[in-house]
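Structure first, then comments.
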Amino acid sequence: MTFFADLHPAVVHFPIAFLLLATGSGLAALFVSSRPELRFLTWVAGALGVAGAAAAALTGFFAQAHLPPDAPYRAVLNRHIGAGLAQFVVYGFLLYRRWIFGSKKAVQARRRAGNSARDLLDDPSARLLTALLLLAGALIVLMGGWSGGRLVFEWGVNVAP
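My numbering numbers the first residue of the sequence shown as 10 and each following residue consecutively.
Spelled out as structure tokens, the structure:
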């Protein structure tokens, strides 16, 4: 295995932890308490999770580069890759929505409409979509982790002899 392939198993734990933390704190901010600490934790953990997901995807790309294209575990590997890309898209979209929400133009439009929300997690009109995206993202993270675990523990992919 290469250096990057060896890194993949170590790197993947960070985006899993950060993205699930972002989901938990985001849902708590939406439905339990709108504390600023929860909002901060949601966005920081989300950003760290997306950065970690990029690192995991890069190391995973190198880890799978030498695998045979007709391997019997290819369907599981494709599911694992698809889940990794999907979580990057879902959480990246959430961060993008938050960035757009804070833009000067969006703030002015909300003021004119009488909406005083300062954060995406405080906006009642965004609550349902944000919650659904957080839940979908967490489900995708779990699916990706499950399929990665299957690759290692059922198929022995990239496990040293």
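We put the beta carbon where it would ideally sit given N, CA and C, even for glycine. These numbers come from a predicted model, not from an experiment.
7 Å Cβ shell around residue i - same chain, five flanking residues per side excluded
i: L233; result: Here the chain comprises residues numbered 10 to 170, so residue 233 is not present and cannot be evaluated.
i: A126; result: R119, D132
i: L29; result: A147, V150
i: V168; result: V161
i: P24; result: G58, G61, A62, A65
i: A188; result: The structure shown does not extend to residue 188, since the chain is modelled only from 10 to 170, so the question has no answer here.
Nearest residue (CA-CA) to residue i, options the options
i: F70; options: T11, A60, Y100; result: T11
i: A54; options: A147, D79, M152; result: A147
i: L67; options: P18, I109, R44, G111; result: P18
i: W155; options: S42, A74, K113, G91; result: G91
i: S134; options: Q117, D79, F110, H22; result: F110
Under 8 Å between C-beta atoms of residue i and residue j
i: A26; j: A72; result: no
i: G153; j: G93; result: yes
i: G58; j: Y100; result: yes
i: A65; j: V98; result: no
i: Y105; j: V166; result: no
i: R48; j: D128; result: yes
i: S34; j: L50; result: yes
Same chain only: Cβ atoms within 8 Å of residue i, ignoring 5 sequence neighbours per side
i: F40; result: A140
i: F102; result: L142
i: K113; result: none
i: L137; result: none
Whole-number beta carbon distance between residue j and residue i, since they are thought to touch under 8 Å
i: I149; j: A95; result: 5 Å
i: A56; j: L130; result: Not a contact, Cβ separation roughly 14 Å.
i: W52; j: R107; result: 6 Å
i: L160; j: H89; result: 6 Å
Residue i: CB within 7 Å of a non-hydrogen atom of the ligand MN
i: D132; result: Of the ligands one can find in the structure shown there are none, so the ligand MN has no counterpart to examine.
Where in the region 82-112 do unbroken runs of the alpha helix (DSSP H), each at least 4 residues long, occur, reported from the N-terminal end onward?
83-110
If we require 4 or more residues per run, which alpha helix (DSSP H) segments fall completely within the region 108-167?
113-122, 136-162
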